[in-house]
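Just so we're aligned, residue 1 is where the sequence shown starts under the UniProt record's numbering, counting upward by one.
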Amino acid sequence: MEIRSAQKLTWENKLAKGFNTSEVPLEFCLLQGEVAEAFDAWRRTRDNLGEELADIAIYVMSLAEMTGVDLQSAVEQKLAKNAKRTYVKDETSGTLVKVDPA
1 MEIRSAQKLT WENKLAKGFN TSEVPLEFCL LQGEVAEAFD AWRRTRDNLG EELADIAIYV
61 MSLAEMTGVD LQSAVEQKLA KNAKRTYVKD ETSGTLVKVD PA
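Listed below in structure tokens is the structure:
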């Protein structure tokens with residue numbers, strides 16, 4: 001399923017069930033709760049991690065719909081942007097550091 005189709009289905013479900021469709025701050029708070037649940041599922045090695053990650057995706061798609069973002073396009077553009085970035089390993093910390101283009 002494409003993101004655009006999933007975003008539409010997510011929105012239709014919210015409308016049909018009477019869930020929040022207008023309070024963006026509330027939706028961000030609910031998303032934060034879902035992220036915490038996913039972390040807890042991962043930490044406790046529960047079988048429902050996939051379901052919790054799906055909840056996160058559903059809340060993100062809802063937020064995209066609420067704010068007029070075409071998430072399909074946004075993700076495609078961001079992936080293309082990330083593919084062009086260059087990183088080097090910082091020898092001191094061992095972490096990757098983004099190299100800004102000249």
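Yeah, the Cβ is synthetic: ideal placement off N, Cα and C, and Gly gets one too.
Just so we're clear, the structure is a prediction, and the values are computed from it rather than from any experiment.
query = With respect to the alpha helix (DSSP H) encompassing Val-69, which residues constitute its N-terminal and C-terminal limits?
reply = Premise fails: Val-69 is in no alpha helix (DSSP H) and is neither H nor E.
message = I'd like to confirm the pairing. Which residues does DSSP put opposite Lys-89 in its beta bridges?
response = Leu-96
key: Glu-27 and Ser-62 closer than 8 Å at C-beta   = yes
ask   = In angstroms, rounded to a whole number, what distance separates the CA positions of Ala-83 and Glu-2?
value = 20 Å
6 Å CB neighbourhood of Leu-53 in its chain, flanking five on each side removed = Ala-38
inquiry  = Can you list, in chain order, the residues of its chain with a C-beta nearer than 6 Å to that of Thr-21? Leave out the 5 residues immediately preceding and following it.
reply    = Lys-14
ask   = How far does the alpha helix (DSSP H) with Glu-5 in it reach, from first residue to last?
value = Before going on, a small fix: residue 5 reads as Ser here, not Glu. Residues 3–17.
query = Could you give the residue range of the alpha helix (DSSP H) that holds residue 173?
reply = Only positions 1 to 102 of the chain appear in this structure, which leaves residue 173 out of reach.
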